[in-house]
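If you read the sequence shown in the working numbering, its first letter stands for residue 63, the second for the next number, and so on. Heads up, the beta-carbon is just placed ideally off N, CA and C, and yes, glycines get one too. Since we're looking at a predicted model, the values are computed, not measured. Have a look at the structure below, then the notes.
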Amino acid sequence: MNNYKSHIGIIGAGIQGVCCGLFLIKKGYQVTLFDNNEPGNVSASYGNAGHFSPYASIPLNRPDVLTDVPAMLMSSTGPLALKWNYIHKMIPWFYQFIKNCSKKNMMHTAKYMHQILDLAIPAYDELFEEIDISQLVEKKGIMYIWNDQNLKSRELEIKIRDEIGAEQQLLNKKEIHDLEPNIKKIYHAGVFYKKARHARNPGKIWLKLFDLFKKKGGTFKKNNVETINFSNEKPLIKTTESEFKFDKILIACGAFSKQLTEQVNEKIPLDTERGYHINFKNCDHLISRPVVFSNRGFGMTPMEQGLRVVGTVEFGGLKNPKSNNRIKNLVNNAKFLLDGLPKHDDEWLGFRPTLPDYLPVIGPSKNYKNVFYSFGHHHLGWTLGAISGKIISGMIAEENTNLDLKPYSSLRFS
Ligand SMILES: Cc1cc2nc3c(=O)[nH]c(=O)nc-3n(C[C@H](O)[C@H](O)[C@H](O)COP(=O)(O)OP(=O)(O)OC[C@H]3O[C@@H](n4cnc5c(N)ncnc54)[C@H](O)[C@@H]3O)c2cc1C
63 MNNYKSHIGI
73 IGAGIQGVCC
83 GLFLIKKGYQ
93 VTLFDNNEPG
103 NVSASYGNAG
113 HFSPYASIPL
123 NRPDVLTDVP
133 AMLMSSTGPL
143 ALKWNYIHKM
153 IPWFYQFIKN
163 CSKKNMMHTA
173 KYMHQILDLA
183 IPAYDELFEE
193 IDISQLVEKK
203 GIMYIWNDQN
213 LKSRELEIKI
223 RDEIGAEQQL
233 LNKKEIHDLE
243 PNIKKIYHAG
253 VFYKKARHAR
263 NPGKIWLKLF
273 DLFKKKGGTF
283 KKNNVETINF
293 SNEKPLIKTT
303 ESEFKFDKIL
313 IACGAFSKQL
323 TEQVNEKIPL
333 DTERGYHINF
343 KNCDHLISRP
353 VVFSNRGFGM
363 TPMEQGLRVV
373 GTVEFGGLKN
383 PKSNNRIKNL
393 VNNAKFLLDG
403 LPKHDDEWLG
413 FRPTLPDYLP
423 VIGPSKNYKN
433 VFYSFGHHHL
443 GWTLGAISGK
453 IISGMIAEEN
463 TNLDLKPYSS
473 LRFS
């Protein structure tokens, strides 16, 4: 006979849902995971740049960003784009974003991102002990490069990382060339994060973790979750197929989480920063590690699929189609850094789940003690999969912790 503590339903089988499921199983819970898609493809957890970035605590809400935005929007090579038909829907989000651009709020986010980022890789290592990740995770660091026009923003980041204690190594032109000799010498300086890692195929790693979840007794239902109700405080999930009752549930639907949090009567200002990738097949040998060109806000990662080029922050919601000019932009940017690239393939659009203060929501819901959340990890949801799972499983098990978890609570928006 099974001796489970209680039955947890998780909605969303992205990297967040799967990692939360695995840590809950470790603690003795029975777990059922729902997703309207097969895990391993389509969503943000499939198409990201594959960076495990424990250093990346400086948020996008920073005082200098406000003065930089107009130039970024005007630039045809820049990272920022808008879908004009959606902008009116984002006005409240932009308003809160601007409020969070003060130095004080930036430092608050940086401090609490650092708290969890610092634990992100050890948390993954606990899960990776149980799957074969050989050839799939590289420990060669991540490099950022820039030219002089971009110096001001980089100086601010470097200073804050020093204050927070995130390890970094400044690079001169020669050192950059020694590390990545194929990159054209358009740069003036850079920084190297030695402890960062990268995935050579995020979708495959995610699928391996999902298979481990099933092997350890987790159940998966390929169902769209339509409504959440309650019976004697116990959550009832209604899907396209049937109704399921749980002791507790977790909403982990990435950028799609808002439609479900509204059903539990909570208004959380989640929106999406749309991002794109393309691949250049058989070109992964051109670089040894992820390289990010800060001036243009895009990066290249050597992967099994080839050289993956990733970038763009496009404000445009979940329903607008792909923008062809953003794809062209990635192609041109890649060719700006590397010679000899062939025609690209695999044009992909994904949805970063982002809150206007650039902290995720990890914790219980405001109104229902048996509902938990893990979403809103923006540019860092891949890095933060395992640690969020560890934190959520500890919260559900009502364990004590030395971490200060209040800053991640959804209560900050009430
Ligand atoms: C271009 C790009 C590059 C990125 N690069 C990096 C990087 O290098 N490093 C990093 O750390 N992060 C990166 N990120 C961010 C990271 O990919 C995301 O933050 C992370 O994948 C979010 O994971 P998630 O599990 O919360 O959401 P998702 O992966 O989006 O998964 C949510 C799941 O919920 C399911 N779902 C939604 N609604 C329902 C419903 N009603 N019923 C059932 N299922 C539902 C969806 O089908 C989906 O599978 C990048 C993102 C993008 C877009």
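(request) Have a look at 424, 448, 115, 419 and flag the residue whose alpha-carbon is nearest the alpha-carbon of residue 154. (result) 419
(request) Determine the closest residue to residue 193 out of 81, 91, 467, with distance taken between C-alpha atoms. (result) 81
(request) Report the residue from 345, 143, 337, 281 whose alpha carbon sits nearest the alpha carbon of residue 407. (result) 345
(message) If I follow the unbroken alpha helix (DSSP H) through residue 393, where does it start and stop?
(response) 386-399
(request) Compute the minimum distance between the beta carbon of residue 325 and the heavy atoms of ligand 1, and state whether it is under 7 Å. (result) no
(message) Less than 8 Å between C-beta atoms, sequence neighbours within five positions excluded: which residues of the same chain meet that for residue 331?
(response) 154, 155, 158, 417, 418, 475
(message) Using 8 Å as the cut-off, can you tell me whether the region 267-280 makes contact with the region 98-116, which would need three or more C-beta pairs spanning the two stretches below that distance?
(response) yes
(request) Going by CA-CA distance only, name the one from 150, 189, 123, 145 that's closest to residue 161. (result) 123
(request) Identify which residue in 402, 464, 317 has its Cα closest to the Cα of residue 422. (result) 317
(request) Report the rounded CA-to-CA distance for residue 199 versus residue 351, giving the unit in angstroms. (result) 11 Å
(request) Give the single residue among 368, 386, 391 whose Cα lies nearest to the Cα of residue 359. (result) 391
(request) Mark residue 131 as exposed unless 16 or more other C-beta atoms lie within 10 angstroms of its C-beta, in which case mark it buried. (result) exposed
(request) Just the C-alpha distance for residue 241 and residue 381, rounded to the nearest angstrom, thanks. (result) 41 Å
(request) Would you mind stating whether residue 185 and residue 448 have Cβ atoms separated by less than 8 Å? (result) yes
(message) Spatial neighbours of residue 430 within its chain, please: C-beta separation below 6 Å, excluding the five flanking residues on both sides.
(response) 326
(request) Count the other C-beta atoms from every protein chain shown that fall within 10 angstroms of the C-beta of residue 364, then say buried if there are 16 or more, exposed otherwise. (result) buried
(request) Return helix, strand or coil for residue 451, following the three-state DSSP convention. (result) helix
(request) Give the straight-line distance between the Cα atoms of residue 67 and residue 399, rounded to the nearest whole angstrom. (result) 54 Å
(request) Using 10 angstroms around the beta-carbon of residue 63, count the other beta-carbons present and answer buried if the total reaches 16, otherwise exposed. (result) For residue 63, the predicted model reports a pLDDT of 49, less than 50, meaning its position is unreliable; a value from the coordinates is still stated below. The residue is exposed, with fewer than 16 neighbouring Cβ atoms inside 10 Å.
(request) Taking all protein chains shown into account, decide if residue 444 is buried (16 or more other Cβ within 10 angstroms of its Cβ) or exposed. (result) buried
(request) Identify whether residue 419 lies in helix, strand or coil by the three-state DSSP scheme. (result) coil
(request) Could you tell me whether any non-hydrogen atom of ligand 1 is closer than 7 Å to the CB of residue 439? (result) yes
(request) Look up residue 338 in the DSSP assignment and give the residues it is bridged to. (result) 373, 411
(message) Nearest by alpha-carbon distance to residue 262: which of 75, 371, 471, 137 is it?
(response) 371
(request) With a 10 Å radius around its C-beta and 16 neighbouring C-beta atoms as the bar for buried, classify residue 292 as buried or exposed. (result) exposed
(request) Counting only the same chain and skipping the five closest in sequence on each side, list residues whose C-beta sits under 6 Å from that of residue 278. (result) 87
(request) Thinking residue 427 and residue 437 are a contact (beta carbons under 8 Å), I'd like their distance in whole angstroms, please. (result) About 12 Å separates the two Cβ atoms, so there is no contact after all.
(request) Name the two residues that bound the continuous beta strand (DSSP E) containing residue 93. (result) 92-97
(message) Alpha carbons only, please: which of 295, 72, 362, 334 is nearest the one belonging to residue 260?
(response) 362
(message) In the DSSP assignment, the alpha helix (DSSP H) including residue 304 goes from what residue to what residue?
(response) Residue 304 -> no alpha helix (DSSP H), and no H or E assigned at all.
(message) Suppose you measure from the CA of residue 226 to the CA of residue 165; what does that come to, to the nearest Å?
(response) 14 Å
(request) Would you kindly work out how many angstroms separate the C-alpha atoms of residue 23 and residue 369, rounded to a whole number? (result) No answer is possible for residue 23: it lies beyond the span of the chain, which begins at 63 and ends at 476.
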